[in-house]
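S.K.: Before I ask anything, here is the structure I am working with.
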Amino acid sequence: MIKLKIRRQDGENVWYDLFEVEDRPGMNLLEALFYVQEKLDGSLTFRYSCRGAVCGSCGMLINRVPRLACKTQVSDLRKEPTNEGNPEVLITNKKTETDNDEILIEPLPNLDVIRDLVVDMDPFYSLLESVRPWLEMKNDIPEKENIMDQETQVKLEQYTNCILCAICHGSCPVAERDRKYYGPAALAKAWRFDLDPRENEENRKERLEIVDSESGVWGCDTVYKCVAVCPKKVAPTLGINELRNRIDTNKKKEE
Amino acid sequence: MITHDVVVIGGGLSGLRCAIELHERGVDVAIVSKVPLIRSHSGAAQGGINASIGSDDSWESHAFDTVKGSDYLADQDTVEILCKEAPDRVLEMEHWGTNFSRKDDGTIAQRPFGGAGFPRTCYAGDRTGHNILHTLHERILRAGIKVYREWLVTRLVIEDDRCLGFVAMDLLNSELEVFKTKATVLATGGYGRIYQKSTNAIINKGFGISLAYRAGVPLQDMEFVQFHPTTLWGTNILITEGARGEGGYLYNKDHERFMKDYASSSMELAPRDIVARSIQQEIDEGRAFPGGYVHLDITHLGKDLIEERLGGIRQICIDFAGIDPVEEPIPVQPGQHYSMGGISSNKDGATPASGLYAVGECACISVHGANRLGGNSLLDTVVFGRRAGVHAADYVTSLGETSDDPLTQALDSEKTAISEMMGNDGESYSSISEELKRTMQENVGVFREKKELEKAVEDVKKLEARARSLKVRTEAREFNLELLNAIELKGMLDLAHVIALGALVREESRGAHYRTDFLERDDKNWLKHTLAYLTPEGPRLEYKDVNITIFQPQRRTY
Numbered sequence: 001m002i003k004l005k006i007r008r009q010d011g012e013n014v015w016y017d018l019f020e021v022e023d024r025p026g027m028n029l030l031e032a033l034f035y036v037q038e039k040l041d042g043s044l045t046f047r048y049s050c051r052g053a054v055c056g057s058c059g060m061l062i063n064r065v066p067r068l069a070c071k072t073q074v075s076d077l078r079k080e081p082t083n084e085g086n087p088e089v090l091i092t093n094k095k096t097e098t099d100n101d102e103i104l105i106e107p108l109p110n111l112d113v114i115r116d117l118v119v120d121m122d123p124f125y126s127l128l129e130s131v132r133p134w135l136e137m138k139n140d141i142p143e144k145e146n147i148m149d150q151e152t153q154v155k156l157e158q159y160t161n162c163i164l165c166a167i168c169h170g171s172c173p174v175a176e177r178d179r180k181y182y183g184p185a186a187l188a189k190a191w192r193f194d195l196d197p198r199e200n201e202e203n204r205k206e207r208l209e210i211v212d213s214e215s216g217v218w219g220c221d222t223v224y225k226c227v228a229v230c231p232k233k234v235a236p237t238l239g240i241n242e243l244r245n246r247i248d249t250n251k252k253k254e255e
Numbered sequence: 001m002i003t004h005d006v007v008v009i010g011g012g013l014s015g016l017r018c019a020i021e022l023h024e025r026g027v028d029v030a031i032v033s034k035v036p037l038i039r040s041h042s043g044a045a046q047g048g049i050n051a052s053i054g055s056d057d058s059w060e061s062h063a064f065d066t067v068k069g070s071d072y073l074a075d076q077d078t079v080e081i082l083c084k085e086a087p088d089r090v091l092e093m094e095h096w097g098t099n100f101s102r103k104d105d106g107t108i109a110q111r112p113f114g115g116a117g118f119p120r121t122c123y124a125g126d127r128t129g130h131n132i133l134h135t136l137h138e139r140i141l142r143a144g145i146k147v148y149r150e151w152l153v154t155r156l157v158i159e160d161d162r163c164l165g166f167v168a169m170d171l172l173n174s175e176l177e178v179f180k181t182k183a184t185v186l187a188t189g190g191y192g193r194i195y196q197k198s199t200n201a202i203i204n205k206g207f208g209i210s211l212a213y214r215a216g217v218p219l220q221d222m223e224f225v226q227f228h229p230t231t232l233w234g235t236n237i238l239i240t241e242g243a244r245g246e247g248g249y250l251y252n253k254d255h256e257r258f259m260k261d262y263a264s265s266s267m268e269l270a271p272r273d274i275v276a277r278s279i280q281q282e283i284d285e286g287r288a289f290p291g292g293y294v295h296l297d298i299t300h301l302g303k304d305l306i307e308e309r310l311g312g313i314r315q316i317c318i319d320f321a322g323i324d325p326v327e328e329p330i331p332v333q334p335g336q337h338y339s340m341g342g343i344s345s346n347k348d349g350a351t352p353a354s355g356l357y358a359v360g361e362c363a364c365i366s367v368h369g370a371n372r373l374g375g376n377s378l379l380d381t382v383v384f385g386r387r388a389g390v391h392a393a394d395y396v397t398s399l400g401e402t403s404d405d406p407l408t409q410a411l412d413s414e415k416t417a418i419s420e421m422m423g424n425d426g427e428s429y430s431s432i433s434e435e436l437k438r439t440m441q442e443n444v445g446v447f448r449e450k451k452e453l454e455k456a457v458e459d460v461k462k463l464e465a466r467a468r469s470l471k472v473r474t475e476a477r478e479f480n481l482e483l484l485n486a487i488e489l490k491g492m493l494d495l496a497h498v499i500a501l502g503a504l505v506r507e508e509s510r511g512a513h514y515r516t517d518f519l520e521r522d523d524k525n526w527l528k529h530t531l532a533y534l535t536p537e538g539p540r541l542e543y544k545d546v547n548i549t550i551f552q553p554q555r556r557t558y
């Protein structure tokens with residue numbers, strides 16, 4: 001048996017419920033949540049889709065660390081403290097020698113709660129849109145594919161792997177204090193398009209102007225929390241640093 | 001009442017591609033999706049997308065492989081379209097920003113896939129679906145297309161064979177609203193979750209397919225259910241065919257490459273139906289590992305190649321099975337993966353009801369026949385998603401005004417139906433859904449026979465009766481999962497009934513439909529499509545001819 005201590009919220013009401021779940025080898029936390037929802041309390045709500053760490057739906061705060069529920073094994077959580085009472089959003093958890101039979105589950109931080117573990121993702125998606133996250137293409141589109149060397153493809157891949165789960169956003173101290181800050185996911189996306197040799201120069205320039213701001217790359221504290229928590233190893237801060245360099249280099253050229 | 005010229009229901013690849021086409025043609029289009037766009041199951045597709053862009057390849061060769069793979073049940077006119085339009089659609093995705101893997105010369109890389117005579121599967125590592133889904137999503141953002149995010153469509157309104165719109169529920173507050181449209185496109189995906197073991201996302205319950213069925217539109221070839229040969233033992237997460245395409249081997253517990261006994265020429269790269277049956281037979285005859293799995297071994301490919309081309313499944317194995325495939329073989333077993341059948345629709349995605357289109361996995365066009373080849377489903381989504389957009393854009397320009405009465409009546413009756421579902425003293429969805437999954441898994445699986453199929457039909461009927469007294473106890477308005485699941489359960493039962501009955505009646509073995517009591521393909525009696533219509537007594541089955549143009553049915557060996 002494992003106990004799930006879940007932060008519940010319905011309107012202004014906030015409380016914690018403790019549920020006992022019959023765990024089994026290989027069970028992940030999303031399955032444990034379904035156990036609760038289907039067998040113990042049908043009113044519990046949370047987001048989900050793929051259960052294979054590719055869709056990015058089930059980001060939440062697990063023992064105070066933002067993670068995907070589906071990718072987190074219950075057996076691993078048994079070897080962790082819950083960090084209950086710690087106000088910080090952690091990026092990793094300690095390992096304990098002894099079994100811990102409780103898991104603390106709370107909604108993803110820095111976004112408003114709609115109910116229980118479901119948060120309002122609208123601000124996150126709007127911030128993403130602010131950086132023009134699409135390719136405009138050059139005017140001379142080739143008849144066949146654009147030729148791209150493998151090295152560039154691999155560089156791009158680190159950023160195209162982003163699943164927009166908002167776990168980075170939930171860990172980000174800047175997002176916590178500044179709701180206008182585009183955030184690690186949007187800025188990583190901005191770098192992904194800046195890096196793409198297929199991108200139209202004008203759109204690249206426009207995007208750089210957008211992120212050349214306090215809401216953009218200059219707002220980042222460069223504490224690398226987003227890099228630590230990313231379930232897809234995207235490394236937003238590295239992208240932010242690259243964008244800063246790109247902006248500085250362009251300015252020097254203009255001077 | 002919300003009004004748009006066209007609404008696309010579903011935010012996966014086919015829906016997004018369709019919406020983009022409509023927008024580019026100046027149509028007022030919106031998307032309704034029960035999950036945020038990038039959460040759709042398309043994103044889980046791994047291996048790739050087929051297109052004959054190689055210099056020695058041809059659309060004819062692609063078409064032949066597809067038709068042979070389909071066990072000659074695919075319609076050859078639509079297969080021709082699929083294969084001819086493939087290069088344009090793939091190149092378009094590249095132009096829009098998809099980060100395809102590259103060859104040394106910088107062109108798009110292609111890998112061998114099951115049942116294909118040429119390495120024609122273009123890929124982005126083993127995250128091809130994810131890459132294309134995000135590219136299309138970016139395109140949607142660029143176009144500024146209106147998205148109704150997290151809305152569940154609960155009923156289509158079809159009057160005199162014409163679709164007038166639909167009723168949908170905003171999951172944010174459980175409010176029902178009616179949408180008035182000139183055309184509606186269903187792009188709602190498959191139903192994998194009516195089985196216990198499926199690669200599909202948890203959201204894949206086939207509800208969009210049942211919406212059409214309940215509105216009187218026939219479902220086609222539903223008995224053809226694809227079981228993917230290699231799903232991760234324990235969770236049944238997909239392990240891409242690309243693992244075998246890149247050179248992976250299948251071994252039983254005696255370390256025999258058992259595929260030599262089933263497909264001596266193609267071995268691990270035989271089509272999915274054949275490999276799935278081979279693995280299942282090894283399991284059933286005691287040559288698999290305890291717990292029912294075989295080994296998929298890619299250790300000999302080396303860490304560099306695995307990281308470069310199969311990095312996604314490596315991570316999946318580490319995260320979900322605690323196994324690193326660089327070091328040790330992957331435990332795999334067959335699991336439900338894809339629906340060849342679906343809403344009957346034509347080469348433009350048009351269904352028999354005017355103004356109603358169906359594309360992607362929820363549709364049966366039919367390009368996959370009795371067995372789909374790997375790499376052809378992503379292709380199907382973008383080819384026919386676009387074509388439905390072209391056709392619908394043209395269709396909506398010629399329409400006059402219609403009465404709103406059927407729409408407001410549908411809204412009222414849907415409100416009543418849902419309020420009647422609320423209560424404390426009836427069946428709960430979870431026990432019915434568990435039993436449904438069990439009977440489908442046990443009785444309508446890789447190997448089928450009369451007695452089991454009869455049992456499945458009887459079981460489903462009993463569950464349908466129980467579902468009539470289904471009650472939802474949760475009253476919360478915001479994201480009421482119990483209500484959502486209860487609504488969708490009735491659709492799952494509809495589909496299970498059609499699948500089991502179609503499989504029971506079809507007394508032959510063809511593609512993924514394999515009857516141990518009728519081992520041979522029977523072209524004389526069964527070279528035909530199944531059509532299922534809803535009646536108060538359950539599904540009524542009819543049949544229609546297969547379109548055969550170039551390739552005459554031959555014996556299918558690999």
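Residue numbers (UniProt numbering), protein chains in the order written: chain A, 1 to 255; chain B, 1 to 558. C-beta atoms are modelled at their ideal positions from N, C-alpha and C, and glycine is treated no differently.
(1) Go ahead and pull the three-state DSSP assignment for Arg-438(B).
(2) For Leu-141(B) and chain A, any beta-carbon pair shorter than 9 Å?
(3) Compute the Euclidean distance between the alpha carbons of Leu-208(A) and Phe-289(B), then round it to the nearest angstrom.
(4) Around the C-beta of Met-492(B), are 16 or more other C-beta atoms found within 10 angstroms, so that it is buried, or is it exposed?
(5) Name the chain B residues whose beta carbon is nearer than 8 Å to that of Pro-197(A)?
(6) Using a cut-off of 8 Å between C-beta atoms, extract the partners of Val-118(A) located in chain B.
(7) Can you grab the Cα-Cα spacing for the pair Glu-537(B) / Ala-500(B), in whole Å?
(8) For chain A, find out if any of its Cβ atoms is closer than 9 Å to the Cβ of His-228(B); answer yes or no.
(9) Among Pro-87(B), Pro-36(B), Thr-78(B), Tyr-72(B), which residue has its Cα nearest to the Cα of residue 570(B)?
(10) Closer than 9 Å, CB to CB, is Pro-142(A) near chain B or not?
(11) I need the boundaries of the beta strand (DSSP E) containing Gln-226(B), first residue and last residue.
(12) In chain order, which continuous runs of the beta strand (DSSP E) of length 3 or greater are located wholly inside the segment 349-376 of chain B?
(13) Mark Ala-465(B) as exposed unless 16 or more other C-beta atoms lie within 10 angstroms of its C-beta, in which case mark it buried.
(14) Answer yes if the segment 248-266 of chain B comes into contact with the segment 393-403 of chain B, meaning at least three C-beta pairs across the two stretches below 8 Å, and no otherwise.
(15) Mark Gln-9(A) as exposed unless 16 or more other C-beta atoms lie within 10 angstroms of its C-beta, in which case mark it buried.
(16) Return yes when the Cβ of Ala-321(B) is within less than 9 Å of the Cβ of Pro-334(B), no when it is not.
(17) What does Trp-96(B) reach in chain A if we use C-beta pairs closer than 7 Å?
(18) Could you round the C-beta distance between Ile-432(B) and Leu-489(B) to whole angstroms and report it? I think they count as a contact, below 8 Å.
(19) Alpha carbon to alpha carbon, how far is Ala-410(B) from Leu-152(B)? Give it in angstroms, no decimals.
(20) Answer yes if the segment 3-11 of chain B comes into contact with the segment 172-183 of chain B, meaning at least three C-beta pairs across the two stretches below 8 Å, and no otherwise.
(21) Could you check how far apart the C-beta atoms of Asp-304(B) and Pro-329(B) are, in whole angstroms? I think they sit under 8 Å.
(22) In chain order, what residues of the same chain have a beta carbon less than 7 Å from the beta carbon of Lys-528(B), not counting five sequence neighbours either side?
(23) Assign Thr-381(B) to buried or exposed, taking buried as 16 or more other Cβ atoms, counted over all protein chains shown, within 10 Å of its Cβ.
(24) Below 8 Å, can you find three or more Cβ-Cβ pairs linking the segment 19-32 of chain B to the segment 148-166 of chain B?
(25) State yes or no: is the C-beta of Gln-46(B) within less than 9 Å of the C-beta of Thr-135(B)?
(26) In chain order, what residues of the same chain have a beta carbon less than 6 Å from the beta carbon of Met-169(B), not counting five sequence neighbours either side?
(27) Under DSSP, the beta strand (DSSP E) around Val-185(B) begins and ends at which residues?
(28) Could you tell me the distance, in whole angstroms, from the CA atom of Asp-76(A) to the CA atom of Gly-312(B)?
(29) Skipping 5 residues on each side, what residues in its chain have a beta carbon closer than 6 Å to that of Gly-170(A)?
(30) Along the alpha helix (DSSP H) that carries Glu-20(A), what are the first and last residues, could you check?
(31) Leaving out the 5 sequence neighbours to the left and right, which residues in its chain are closer than 8 Å to Leu-187(A) when beta-carbon positions are compared?
(32) Would you please verify whether the beta carbon of Lys-205(A) is less than 9 Å from any beta carbon of chain B?
(33) Leu-90(A) lies in the alpha helix (DSSP H); which residues open and close that run?
(34) Run down chain A in chain order and give the residues with a C-beta less than 7 Å from the C-beta of Arg-386(B).
(35) Taking Gly-302(B) as the reference, which of Ile-316(B), Arg-111(B), Glu-327(B) has the closest Cα?
(36) On the DSSP letters alone, give me the boundaries of the beta strand (DSSP E) that Gly-129(B) sits inside.
M.R.: Here's the rundown:
(1) In the structure shown, Arg-438(B) falls within a helical segment according to DSSP collapsed to helix, strand and coil.
(2) Yes, Leu-141(B) lies at the interface with chain A (some Cβ there is under 9 Å from its Cβ).
(3) When rounded, the distance between both Cα atoms is 56 Å.
(4) Buried, because 16 or more other Cβ atoms sit within 10 Å of the Cβ of Met-492(B).
(5) The contacting residues do not exist; Pro-197(A) stays about 10 Å from chain B at best.
(6) Result: Glu-478, Phe-479.
(7) Approximately 15 Å, taken between the alpha carbons.
(8) Chain A contact via Cβ: absent.
(9) What the structure shows of chain B is the stretch from 1 to 558, and residue 570(B) is not part of that stretch, so it cannot be assessed.
(10) Chain B, which has a Cβ nearer than 9 Å to the Cβ of Pro-142(A), makes this yes.
(11) Looking at the DSSP string, the run of the beta strand (DSSP E) that includes Gln-226(B) is 225-232.
(12) Those beta strand (DSSP E) runs which fall completely within the segment 349-376 of chain B and span 3+ residues are 356-358.
(13) Its Cβ having fewer than 16 others within 10 Å, Ala-465(B) is exposed.
(14) Contact between the segment 393-403 of chain B and the segment 248-266 of chain B is absent, because fewer than three Cβ pairs lie under 8 Å.
(15) With 16 or more Cβ atoms within 10 Å of its Cβ, Gln-9(A) is classed as buried.
(16) The answer is no: Cβ separation not under 9 Å.
(17) What Trp-96(B) touches in chain A: Leu-135.
(18) That belief holds up - the Cβ atoms of Ile-432(B) and Leu-489(B) are roughly 6 Å apart, short of 8 Å.
(19) Each residue's alpha carbon lies about 15 Å from the other.
(20) As far as the Cβ criterion goes, the segment 172-183 of chain B touches the segment 3-11 of chain B, which means the pair count is three or higher.
(21) Beta-carbon to beta-carbon, Asp-304(B) and Pro-329(B) are separated by about 19 Å, too far to satisfy the 8 Å threshold.
(22) Closer than 7 Å at Cβ, skipping near neighbours: Tyr-543, Lys-544, Asp-545, Val-546.
(23) By the 10 Å Cβ count, Thr-381(B) comes out buried.
(24) Yes, the segment 19-32 of chain B is in contact with the segment 148-166 of chain B.
(25) The Cβ atoms of Gln-46(B) and Thr-135(B) do not sit closer than 9 Å to each other.
(26) Cβ within range, chain order: Leu-152, Thr-154, Leu-176.
(27) Annotation for Val-185(B): the continuous beta strand (DSSP E) segment containing it runs 175-186.
(28) If I take the Cα positions, the gap works out to 21 Å.
(29) These residues qualify, in order along the chain: Pro-66, Leu-108, Pro-109, Asn-110.
(30) Where Glu-20(A) is concerned, there is no enclosing alpha helix (DSSP H), although the beta strand (DSSP E) around it starts and stops at 13-21.
(31) Cβ neighbours of Leu-187(A) beyond the five flanking positions: Val-131, Val-211, Gly-216, Val-217, Cys-220, Pro-236, Gly-239, Ile-240, Leu-243.
(32) Judged by the 9 Å Cβ criterion, Lys-205(A) is not in contact with chain B.
(33) Element bounds for Leu-90(A): n/a, residue is neither H nor E.
(34) For Arg-386(B), none of the residues of chain A pass the 7 Å Cβ criterion, the least Cβ distance being about 17 Å.
(35) Comparing Cα-Cα distances from Gly-302(B) to each of Ile-316(B), Arg-111(B), Glu-327(B), the minimum goes to Glu-327(B).
(36) Careful: Gly-129(B) lies outside any beta strand (DSSP E), inside the alpha helix (DSSP H) at 128-143.
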